[in-house]
Amino acid sequence: MREEILKVLKKLEALCSKNEKCESYAFKYMTDRGADEKEAALAVEYLVENGFVDNKRYAGAFARDKFRFNKWGKRRIESELKMKKISKEDIASALEIEEISLGEEDLIAGELKKKLKSLKNSPTEKIKEKLLRFSLGRGYAYQTTKILIDNLLREN
6 MREEILKVLK
16 KLEALCSKNE
26 KCESYAFKYM
36 TDRGADEKEA
46 ALAVEYLVEN
56 GFVDNKRYAG
66 AFARDKFRFN
76 KWGKRRIESE
86 LKMKKISKED
96 IASALEIEEI
106 SLGEEDLIAG
116 ELKKKLKSLK
126 NSPTEKIKEK
136 LLRFSLGRGY
146 AYQTTKILID
156 NLLREN
């Protein structure tokens, strides 16, 4: 590899040491900074072999963070990981994290209650429609969301 590309690789190593990155990010990083596709592929291979990049580890961290901080549902997380070219197996593994599997329904209910407060002066059908659109946009399952919305509107 050329010397300037090796410098870029060292910077990428440092980035990957600080927080999780996926293979597609590493490849794009290298090509954006002057590496040709062959050099970028070699760089990614080096990073994977030396443990700087691991798609499974990245997918788990991504899923946990987006669930906890952005309040995203499984479908939204899955979609975002697919765009990052993460394998189906790694995505499935990330979505099976206990925190996500057990906490999704509670999270949906809490987010729907918050959203409902901002929609109080609307007709019931509009509220239902807006809550459904809100939850689907966040990536929550349709059936679960529909049941929770119906229950929530009955309570209020």
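Take 6 as the starting number for the sequence shown in the working numbering and just add one per residue. For each residue, glycine too, the CB sits at the ideal point set by N, CA and C.
Determine the extent of the alpha helix (DSSP H) in which residue i is found, giving its start and end residues.
i	result
residue 114	103-123
residue 152	147-160
residue 49	42-54
residue 37	28-37
residue 189	The structure shown does not extend to residue 189, since the chain is modelled only from 6 through 161, so no value can be given for it.
residue 138	129-142
residue 87	79-88
residue 22	8-23
residue 96	93-100
Round the Cβ separation of residue i and residue j to the nearest angstrom and send it over; I've been treating them as touching at under 8 Å.
i	j	result
residue 98	residue 65	7 Å
residue 49	residue 31	5 Å
residue 144	residue 82	6 Å
residue 63	residue 25	4 Å
residue 27	residue 55	Wrong, their Cβ atoms sit about 15 Å apart, outside the cutoff.
residue 9	residue 39	7 Å
residue 120	residue 136	6 Å
Report yes if the CB atom of residue i is closer than 9 Å to the CB atom of residue j, and no otherwise.
i	j	result
residue 157	residue 124	no
residue 57	residue 22	yes
residue 68	residue 100	yes
residue 153	residue 104	no
residue 44	residue 6	yes
residue 47	residue 34	no
residue 108	residue 72	yes
residue 87	residue 146	no
residue 140	residue 150	yes
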